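Q: Residue numbers (the numbering used here): 3 to 134.
Below you'll find the structure I mean.
Printed below as a string of structure tokens:
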């Protein structure tokens, strides 16, 4: 999601340079909605892997603690990029990628923590949450 967001932010420059990134080829709106789908799907896949094949233990639900940041990022991606930075916004001209980094920094840390604890549970409590 960070890479797509970065290229949405650079859309005008990429068009001028003839760089054929996904946002250039599909347009800003389509790229934003593909990015939204990718962000939602990472949570859906983790939930599926917990509850259907039980590949992960419920400890992996820890990634949902990044949900507030996810909602902020989804809200930002659901609207076109502003023409000017909001007052006090420090990272202009990046817009979408800043929000994607904000979400992914927390999500990634929670994912790694969850994977470590999940692995330890599988090793030391092998009967807990057996795979189907």
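Don't be surprised by glycine CBs; every beta carbon is placed ideally from N, CA and C.
In this text the structure is predicted, and so the values were computed from the model without any measurement.
1) Taking 8 Å as the threshold, find out whether the stretch 108 to 126 comes into contact with the stretch 50 to 59 through three or more Cβ pairs.
2) In three-state DSSP terms, what is residue 60?
3) In chain order, what residues of the same chain have a beta carbon less than 6 Å from the beta carbon of residue 34, not counting five sequence neighbours either side?
4) Express the C-alpha separation of residue 76 and residue 103 in angstroms, rounding to a whole number.
5) Just to confirm, is the Cβ distance from residue 122 to residue 65 under 8 Å?
6) What is the residue span of the alpha helix (DSSP H) that residue 33 lies within?
A: Result, derived from the coordinates:
1) yes
2) Position 58 of the chain shown, counted from the start, is the residue given in the question as residue 60. The answer is helix: DSSP assigns residue 60 an H, G or I state.
3) On the chain shown, residue 34 is found 32 positions in, with the first residue counted as 1. 79.
4) By 1-based counting over the chain shown, the position of residue 103 is 101. By 1-based counting over the chain shown, the position of residue 76 is 74. The straight-line gap from Cα to Cα measures roughly 13 Å.
5) As a position in the chain shown, residue 122 is number 120, starting the count at 1. As a position in the chain shown, residue 65 is number 63, starting the count at 1. The answer is no: Cβ separation not under 8 Å.
6) Counting from one through the chain shown, the residue named residue 33 turns up at place 31. Per DSSP, residue 33 belongs to the alpha helix (DSSP H) from 30 to 53.
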